[in-house]
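Inspection log for the structure reproduced underneath, given as structure tokens.
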Amino acid sequence: MIHAKLGDLAAAEEHLHLALDIHGLDRKRTRAIVLADLGQVQLKRGNTETALATWSEFLDCADGVQSVRINDGLTNIAARLPGIVDSPAAAELGERIAARA
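With numbering that gives the first Met the number 0, the residue at position 82 of the sequence shown is 81, and numbering never jumps.
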């Protein structure tokens with residue numbers, strides 16, 4: 000996420016995709032955290048639907064995982080969803096996050 004903090008969102012997205020290739024399904028927590036970050040970068044780049052799909056994958060991956068960083072990801076996603084108006088995918092994500100609580 001250093002690239003994102005420096006404002007290079009394209010490089011941030013590329014590095015997060017590489018991280019997903021490294022962290023397979025055997026590392027659910029790590030993969031979920033990367034997906035949460037990737038969705039955030041995608042949203043900042045204006046790729047709303049892609050971000051929502053990534054966050055949906057995050058929720059699938061985070062299912063059953065207890066972690067402070069997973070909870071932070073959930074909180075961050077939930078905080079951004081109200082800004083995405085008229086999106087059934089955003090509404091569904093909000094419902095899924097609420098059901099986890």
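Heads up, the beta-carbon is just placed ideally off N, CA and C, and yes, glycines get one too.
Leu5 - DSSP class collapsed to helix/strand/coil
By one-based count along the sequence shown, residue 5 stands at place 6. Here Leu5 sits in coil by DSSP.
Can you tell me whether DSSP reads Arg30 as helix, strand or coil?
For the purposes of this step, residue 30 is taken as the residue at position 31 of the sequence shown. Reduced to three states, the DSSP call for Arg30 is helix.
Report the CB separation of Arg28 from Val64 in whole angstroms; it is logged as a contact under 8 angstroms.
As a working note, residue 28 is residue 29 in the sequence shown. As a working note, residue 64 is residue 65 in the sequence shown. Yes, they are in contact, since the Cβ atoms of Arg28 and Val64 sit about 5 angstroms apart, within 8 angstroms.
Can you name the start and end residues of the alpha helix (DSSP H) that Ala89 belongs to?
The sequence position of residue 89 within the sequence shown is 90, counting from 1. Its alpha helix (DSSP H) spans residues 87–99.
Glu48 to Asn70 span [Cα, whole Å]:
The residue labelled residue 48 in the question sits at position 49 within the sequence shown. The residue labelled residue 70 in the question sits at position 71 within the sequence shown. Distance between the alpha carbons of Glu48 and Asn70: 22 angstroms.
So is His14 buried or exposed if we call it buried at 16+ other beta carbons inside 10 Å?
As a working note, residue 14 is residue 15 in the sequence shown. Its Cβ being crowded by 16 or more others within 10 Å, His14 is buried.
Thinking C-alpha only, which one of Val40, Ala35, His16, Val33 is nearest Leu5?
Your numbering for residue 5 matches position 6 in the sequence shown. Selected option, being the one with the closest Cα: Val40.
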